[in-house]
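Heads up: the structure comes next, in structure tokens.
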Amino acid sequence: MNSAVKKYWSKYKWSNIHAMIKNMKRPPAKYPEPFHDKWVVITGATSGIGYHTARKYASKGAHILMINRNPEKSAAVSKEITEEFHVPVEYVIADLTLLPDIQRVGQHLLSLEKPINVLIHNAGLHLETRKETPSGLEVNLMIHYLCPLIINKMLIPKYQRDRAGRILLVSSEAYRFAAWGLDLEDLEWKRRRYNGNKAYGAGKLAQLLSMHILSAELAPYNVTINAMHPGMVRTESGKDNGKFYQWYKRNFLDKRSPPPDISAEALY
Ligand SMILES: NC(=O)c1ccc[n+]([C@@H]2O[C@H](COP(=O)([O-])OP(=O)(O)OC[C@H]3O[C@@H](n4cnc5c(N)ncnc54)[C@H](OP(=O)(O)O)[C@@H]3O)[C@@H](O)[C@H]2O)c1
Numbered sequence: 001m002n003s004a005v006k007k008y009w010s011k012y013k014w015s016n017i018h019a020m021i022k023n024m025k026r027p028p029a030k031y032p033e034p035f036h037d038k039w040v041v042i043t044g045a046t047s048g049i050g051y052h053t054a055r056k057y058a059s060k061g062a063h064i065l066m067i068n069r070n071p072e073k074s075a076a077v078s079k080e081i082t083e084e085f086h087v088p089v090e091y092v093i094a095d096l097t098l099l100p101d102i103q104r105v106g107q108h109l110l111s112l113e114k115p116i117n118v119l120i121h122n123a124g125l126h127l128e129t130r131k132e133t134p135s136g137l138e139v140n141l142m143i144h145y146l147c148p149l150i151i152n153k154m155l156i157p158k159y160q161r162d163r164a165g166r167i168l169l170v171s172s173e174a175y176r177f178a179a180w181g182l183d184l185e186d187l188e189w190k191r192r193r194y195n196g197n198k199a200y201g202a203g204k205l206a207q208l209l210s211m212h213i214l215s216a217e218l219a220p221y222n223v224t225i226n227a228m229h230p231g232m233v234r235t236e237s238g239k240d241n242g243k244f245y246q247w248y249k250r251n252f253l254d255k256r257s258p259p260p261d262i263s264a265e266a267l268y
């Protein structure tokens, strides 16, 4: 057993696993207060957890700014929420695996006069096979780690100005798929054999680790950053994977998973 593995197991807190299992069985605590006139920015609000979260906040009076990649779905969600809840809904179209798009989103948010009361980094994906962006960056690392990190970092001058805010990362207990830690020599899975669960877990683990650093950096401006596990819920996650995955998802995962409105409740 090498020393990194020994060190890992010697520090492993099994009580965390028990707490996780117990926690996952509990219904989310409910926050009864309204959210009138506060701005909530949410990435990936066209389906699943993000969609239900946008609806949840809007139902409580929040103004919504979605960052989505699909214009048609964005227009439909925006129309639906505006008509149903009578709150302002805006959206920005961006592919959050692409650096220029991520930077454009950061610039847009930075230029807003209004404070961002809640910023939810939710967009994510699960890919069975390795995929790179046109500039050669691995997509798990981009969407789960670099995208939130870059946007949060770009917003620091705004938070310095506004002196308030809450950042929420939609993480996953699947960060445990990277239980041995990150391979800093191969964050992009170029040398190792790619594995969808491990790459997903590594992206989420990198996100969690960066959260701890950002948390200290943001604290002087009264801004908090927290991560949450939304539970295993029935969404469109993995929709680009192959036929066997779709069969497995339909027949095993989805049958054991509740709908994603419980995750939205928890995020609210
Ligand atoms: N479902 C679960 O059981 C579960 C468990 C733990 C954690 N999570 C996390 O929950 C978050 C939401 O996932 P979900 O389960 O709700 O899946 P989902 O239904 O597939 O929703 C994912 C959202 O992210 C968007 N998105 C994906 N790639 C994007 C990109 N390159 N640029 C911009 N937006 C992009 C999708 O947009 P399109 O509509 O255009 O595809 C969609 O709006 C993810 O971070 C996921 O890792 C989910």
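This note's numbering applies: residue 1 is where the sequence shown begins, and numbers increase by one. The beta-carbon is built from N, C-alpha and C at its ideal position, and this holds for glycine as well. Remember, predicted model here, so these are calculated numbers, not experimental data.
| Check | Outcome |
| --- | --- |
| Three-state secondary structure (DSSP) of ASN195 | coil |
| Proximity test, PRO230 beta-carbon vs ligand 1 heavy atom, cut-off 7 Å | yes |
| C-alpha distance - GLU80 paired with LYS6, whole-angstrom precision | 53 Å |
| Given 8 Å, three or more beta-carbon pairs between the segment 133-153 and the segment 203-221 | yes |
| With 16 other Cβ atoms within 10 Å as the buried cut-off, status of TYR12 | exposed |
| Which listed residue (ARG191, ILE213, GLU113 and GLY238) has its alpha carbon closest to that of ARG226 | Going by the sequence as given, residue 226 is Asn instead of Arg. Cα-wise, what sits closest to ASN226 is ILE213. |
| Sufficient close CB pairs (3 or more, under 8 Å) joining the segment 110-130 to the segment 154-170 | yes |
| Alpha helix (DSSP H) runs contained entirely in the segment 27-99, provided each spans 4 or more residues | 48-59 and 71-85 |
| Exposure of ASN140, with buried meaning 16 or more beta-carbon neighbours within 10 Å | buried |
| Rounded distance between the beta-carbons of TYR268 and LYS60, thought under 8 Å | 7 Å |
| Three-state secondary structure (DSSP) of ALA219 | helix |
| Distance between SER210 and GLY181 (C-alpha atoms, nearest Å) | 13 Å |
| 7 Å Cβ shell around LYS189 - same chain, five flanking residues per side excluded | Residue 189 is actually Trp in this sequence, not Lys. So the qualifying residues of the chain are ARG130, GLU138 and ALA199. |
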